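Numbering (the working numbering), first residue to last: 230 to 577.
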Ligand code: KG4
Ligand code: ZN
């Protein structure tokens, strides 16, 4: 008999619930939180309150869209971390109570692992080949930038990560400097399509190994814009397309310099991208370019499974469930990344 799994995601500012029949998505409901827009970033206290309001209707809608009754569920998967603690608490507490009321097991999922495992999601109407092991995954989100060697579903090694801002944070902070709304990544992506990426050049970070740094780029863009505004108060408005294209090109170059280095060093030519920033057009184009140039076998997730969503949580939960994993009632959420991943750097 087919197993049904519900996934619950509440780590940041999206409340999401999804139902999968094994690896096939039956529903994936995401309630975004508009409230943060006017603050130019996520306000944790407001996020927790919105999750509290959204969680029951979102779960209800996920079950309804999947056309199943809650009694048909086999397991409840939820994001345990990393993320905002108050936000996580809403999803974690709901998921545990829901599972206990239904007398079914619950499974905790690491949000960053779930971004990677989104590659194993199947859609009922379209087949997308999942990567075989081992593969490299560039996981880029609002809070993380990681190069991960994926040896198996739950055997992942982070070989490089950011030492300061994440790639998504760089997009968001630079967008804020330019007076653009939050989240800035998709806005810059859109403006960049009308601009020239060679218009402005920003310095590249010097970081060893496969690690990243993005705070220097943010600061140099800040000073550059501040200086230009002195002579021309309209500078941003006049140059928003070229500025966006140039900033985006810098971020892409920084990301791929290290990813190429990691592929050469590990000898792994199967390369995937994941996380919210992997929705970026220039990043997707670069992957296609490198598959031609370097012979990479590339894996690009569907848009709906890049930014935060519960389908990836349900997918990771299902994979854990069939390999015998169980959640523990006493396990509290965690805000930082390292609890599940082992972070060990290989020196290139
Ligand atoms: O994975 P995600 O939804 O949430 C976290 O786990 O952080 O990633 C959100 C990040 C934000 O920084 C957002 O600006 C960025 O993903 N993002 C993009 C694009 N779409 C979302 N960045 C660049 N280009 C995009 N098209
Ligand atoms: Zn995420």
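Beta carbons are placed, not taken as given, at the ideal position from N, Cα and C, and that holds for glycine. Since the model is a prediction, treat every value here as computed from it, not as a measurement.
- In this structure, ligand 1 has a non-hydrogen atom nearer than 7 Å to the beta-carbon of residue 398.
- For residue 518, the enclosing alpha helix (DSSP H) covers residues 510 to 523.
- Here residue 380 is exposed: its Cβ has fewer than 16 other Cβ atoms, across all protein chains shown, within 10 Å.
- Contact between the stretch 396 to 404 and the stretch 442 to 459 is present: 3 or more CB-CB pairs across the two stretches fall below 8 Å.
- In the three-state reduction of the DSSP assignment, residue 504 falls in the coil class, being assigned neither a helical nor a strand state.
- Relative to ligand 1, the beta carbon of residue 412 is positioned inside 7 Å of a heavy atom.
- For ligand 2, residues qualifying as neighbours are 340, 344, 370, 504, 505 and 537, where qualification means a beta carbon closer than 6 Å to at least one of its heavy atoms (chain order).
- By the beta-carbon neighbour count (other beta carbons within 10 angstroms, threshold 16), residue 385 is buried.
- The alpha-carbon separation between residue 410 and residue 270 amounts to approximately 9 Å.
- Judged by beta-carbon spacing, residue 259 lies beyond the 8 Å limit of residue 279, meaning their Cβ atoms are not closer than that value.
- Residue side-chain check: residue 380 keeps its Cβ at 7 Å or more from all non-hydrogen atoms of ligand 1.
- Pairing residue 315 with residue 277 gives a Cβ-Cβ distance under 8 Å.
- Annotation for residue 431: 446, 449, 450, 453, 475, 476 and 479 place their beta carbon closer than 8 Å to its own, counting only its chain and skipping 5 residues before and after.
- Contact between the stretch 517 to 532 and the stretch 328 to 341 is absent: fewer than three C-beta pairs spanning the two stretches fall below 8 Å.
- One alpha carbon belongs to residue 461, the other to residue 292, and they sit about 55 Å apart.
- Short of 7 Å from the beta carbon of residue 563, and not among the five residues preceding or following it, lie these beta carbons of its own chain, in chain order: 309, 310 and 311.
- Contact check for residue 365 against residue 508 fails: the beta carbons are separated by 8 Å or more.
- Excluding the 5 residues flanking it on each side, residue 250 has same chain C-beta neighbours closer than 6 Å at 231 and 233, in chain order.
- One Cα belongs to residue 343, the other to residue 383, and the distance between them is close to 10 Å.
- Within the chosen limit of 7 Å, ligand 1 does not reach the beta carbon of residue 363 with any heavy atom.
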